[in-house]
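Residue numbers (our numbering): 1 to 135.
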């Protein structure tokens, strides 16, 4: 088996009070700016620790824990770029398909013709209908 560097550790505590004490001691460890100021007693092999609340074991992808942060960021970047490219290609395909199917094969121009009827009653009680055509 190949020797691997320690990239993560999961720690359990007997009491919630002890958990609170450790979380309080490492409360600024999530920020890189504050990790450089950790005392030697809080470091592991002279490297600052980042402490955070763990997720449930069922929610972890245990196979992915061996990858460092740069590989995870690279994977997210590749997936994001592939997703954007697929969305752009689908959008271009849909717009192209719509423009092809929307074109009139006869080459006629599109005009809407409206026929309006107005109904009026004359003074002698007769009904008069006028047809008007607009283009």
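Here a beta-carbon is modelled for each residue, glycine too, at the ideal position from N, C-alpha and C.
For clarity, every value in this text was computed on a predicted model and none was experimentally measured.
Cβ pair residue i, residue j closer than 8 Å
i: residue 49; j: residue 26; result: yes
i: residue 75; j: residue 52; result: no
i: residue 41; j: residue 10; result: no
i: residue 28; j: residue 19; result: no
As assigned by DSSP and simplified to three states, the class of residue i
i: residue 91; result: helix
i: residue 29; result: coil
i: residue 15; result: coil
i: residue 133; result: Because residue 133 sits at a pLDDT of 49, beneath the cut-off of 50, its placement in the model cannot be relied upon, and the following sentence gives the value as read from the coordinates. It is a strand residue.
i: residue 20; result: helix
i: residue 52; result: coil
i: residue 70; result: helix
i: residue 147; result: Only positions 1 to 135 of the chain appear in this structure, which leaves residue 147 out of reach.
i: residue 10; result: coil
Those residues which DSSP pairs with residue i across a bridge
i: residue 47; result: 44
Top-ranked residue by Cα proximity to residue i, from the options
i: residue 8; options: 123, 93, 89 and 66; result: 66
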